[in-house]
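The block underneath contains the structure these notes are about, expressed in structure tokens.
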Amino acid sequence: MKKLTLFLLAFVLIASACKKDEEEEETNSLNPTAAQNGFAINYTATWCGPCGNWGAPRIHKFAEDGPKGAVITAHASGDPMHVAALYSSFSSDRAIGSGIPSFWAGDQSSAGDGAMLALVGSGDAKAGVDLSFEVSGTTMTVKTLTKFFSPDAGDYYLSVLVLEDGIDGSATSGQYKQNGVANPDTYKHDFVLRASSVSGSAYGEKIVSNPSNDTEVSKDYSITLDASWNSPYAVAIIWRIDATGTPQYKYINAIKRK
222 MKKLTLFLLA FVLIASACKK DEEEEETNSL NPTAAQNGFA INYTATWCGP
272 CGNWGAPRIH KFAEDGPKGA VITAHASGDP MHVAALYSSF SSDRAIGSGI
322 PSFWAGDQSS AGDGAMLALV GSGDAKAGVD LSFEVSGTTM TVKTLTKFFS
372 PDAGDYYLSV LVLEDGIDGS ATSGQYKQNG VANPDTYKHD FVLRASSVSG
422 SAYGEKIVSN PSNDTEVSKD YSITLDASWN SPYAVAIIWR IDATGTPQYK
472 YINAIKRK
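Just so you know, the sequence shown maps onto residues 222 to 479 in my numbering.
What follows is the structure, given as structure tokens:
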């Protein structure tokens, strides 16, 4: 009996060590870099003709110009893809302006067609982030690693957002029909904002204050999905707080993983 007990104890310890090694290996496989990736958000709606006419092509152009970063469409009230809390969270700091469609690229409002290329070409960022995720049923588990490449004073936040591409917005899709598009028979809604790692907050949570050179922060998140979402994916975005600025959440860097 004593030998059996010792054997079982040894087995548990080995299994625990193996699990820890696997978790560390997953985190070590993440590779944040200082390369500047892009971020853009488009406030839009299915009922908005200009959103389909010129808004949709612009946000897709942003995605082409910054393919590794976070490109997001936040759908307004009266739209079946509207997420009220996240829409309000973004727009309270990155204002909509006179109406939709309305764009931000990084910290630039009313961003024009070349804004994403300018952001991506602006040089290395102070920090980078990488992520991996798994989906099991209606739960997405996300692992992130954020790394700082220069010391800085201030509070840094990380948001992890769930997006969805390829939602039918054609002329036969009922309430999802997008007005104003050039291709009403085949149109798809892309980059649709669905959920956040922090309920009701598009800007996530504080991960570090006053980081030093080579500071690394690893975080895990569990996000509840809707079973109807088709192949949801994750983006992670680093922000730095500037309490006197507009916006207050200054964009630092981002990553997209599908």
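Ideal Cβ positions, reconstructed from N, Cα and C, are used throughout, including at glycine.
When C-alpha distances from Gly270 are compared across Ala448, Lys398, Thr445, the shortest belongs to Lys398. Residue range 454 to 462 is occupied by the beta strand (DSSP E) that includes Ala457. Rounded to the nearest angstrom, the Cβ distance from Thr294 to Val413 is 6 Å, consistent with a contact under 8 Å. The region 271 to 297 contains, as complete alpha helix (DSSP H) runs of 4+ residues, the segments 277 to 286 (chain order).
Looking at the DSSP output, Ser417 shares a beta bridge with Leu382. Contact check for Gly327 against Leu307 fails: the beta carbons are separated by 8 Å or more. Partner residues in the beta bridge of Leu366, as assigned by DSSP, are Asp351, Ser439.
Excluding its 5 nearest sequence neighbours in each direction, His303 has C-beta neighbours in its own chain below 7 Å: His296, Ala297, listed in chain order. Per DSSP, the beta-bridge partners of Val429 are Tyr377. Taking C-alpha positions only, Asp389 is separated from Ile262 by approximately 20 Å. For Ile476 against Leu384, the beta-carbon gap comes to about 12 Å, at or over 8 Å, which does not count as contact. Counting only residues of its own chain and dropping the five nearest sequence neighbours on each side, Asp286 has a CB closer than 6 Å to the CB of Met337, Leu338. The C-alpha of Thr367 lies about 18 Å from the C-alpha of Tyr454. For Val419, the closest of Ser380, Cys272, Phe311, Gly335 by C-alpha to C-alpha distance is Ser380. For Phe260, the uninterrupted beta strand (DSSP E) segment begins and ends at 260 to 265. The beta-carbon separation of Pro322 and Tyr264, rounded to 6 Å, stays under the 8 Å limit for a contact. Taken through DSSP and simplified to helix, strand or coil, Ala326 comes out as strand.
The shortest CA-to-CA distance from Gln329 to any of Gly299, Lys479, Tyr470 is the one to Tyr470. Trp460 and Tyr442 do not touch by the CB rule: their CB atoms are close to 16 Å apart, not below 8 Å. Looking from the CA of Leu251, the closest CA among Ala416, Ala374, Val350 belongs to Val350. Of all alpha-carbon atoms in Ala416, Asp435, Asn434, Ser439, the one lying nearest the alpha-carbon of Lys427 is that of Ser439. Check the Cα spacing between Thr407 and each of Gly273, Ala256, Pro253: the tightest is with Gly273.
Taking 8 Å as the cut-off, the Cβ atoms of Tyr377 and Tyr424 do not count as close.
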